[in-house]
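See below for the structure under consideration.
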Amino acid sequence: MTTVLAPPAKAKPAPRQRKVRPIGLKWRARPLTYLTLLAFLFFSAFPLYWSVVVASLDNSAMGQIPPPFLPGGHLFENIQRVFDTVAFGKALTNSLIVSSVITLSVVLFSTLAGFAFAKLRFRGRPGLYVAVIVTMMVPTQLG
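Going by this note's numbering, the first residue of the sequence shown is number 510, and it counts up by one from there.
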């Protein structure tokens, strides 16, 4: 008796691996992204740098036009003068206490409100939720 066997199936070649890129970004978009991020970094960090520059200048250098863009040599002298002439340490301590109490109370009450909106069903809940969301959209300067 003869048995007919089917010829062995040819193995398919493995599919080529495609290079994985971030979704929605072409290869040319990456430098533009980094340039945009660098611009935001510059505009965000410049006020801090300018504060250090102005704090390190003496009175005559502050009125110069154009203003100097490099820090002067009087930074530590000016900081010492602030602590000597004004009760700056006390003001700093008071600011730290007030900001800590406000931060902790906002976190506590926001947690309680979030739990109430998420888990509790009560009359007027949708309207109150909309009121909370609308008041969050109002800028703090107007409050």
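Ideal Cβ positions, reconstructed from N, Cα and C, are used throughout, including at glycine.
In this structure P580 is not in contact with A570, their Cβ atoms being roughly 10 Å apart against a cut-off of 8 Å.
In terms of CA proximity to A564, V591 leads the group N603, V591, M646. In the three-state DSSP reduction, G636 falls in the helix class (H, G or I). For the pair Y638 and F626, the CB atoms are nearer than the 8 Å cut-off. If you draw a straight line from the Cα of L584 to the Cα of L544, it is about 32 Å long. When C-alpha distances from V562 are compared across L601, N587, S553, the shortest belongs to N587. Around the C-beta of L541, fewer than 16 other C-beta atoms lie within 10 Å, and the residue is accordingly described as exposed.
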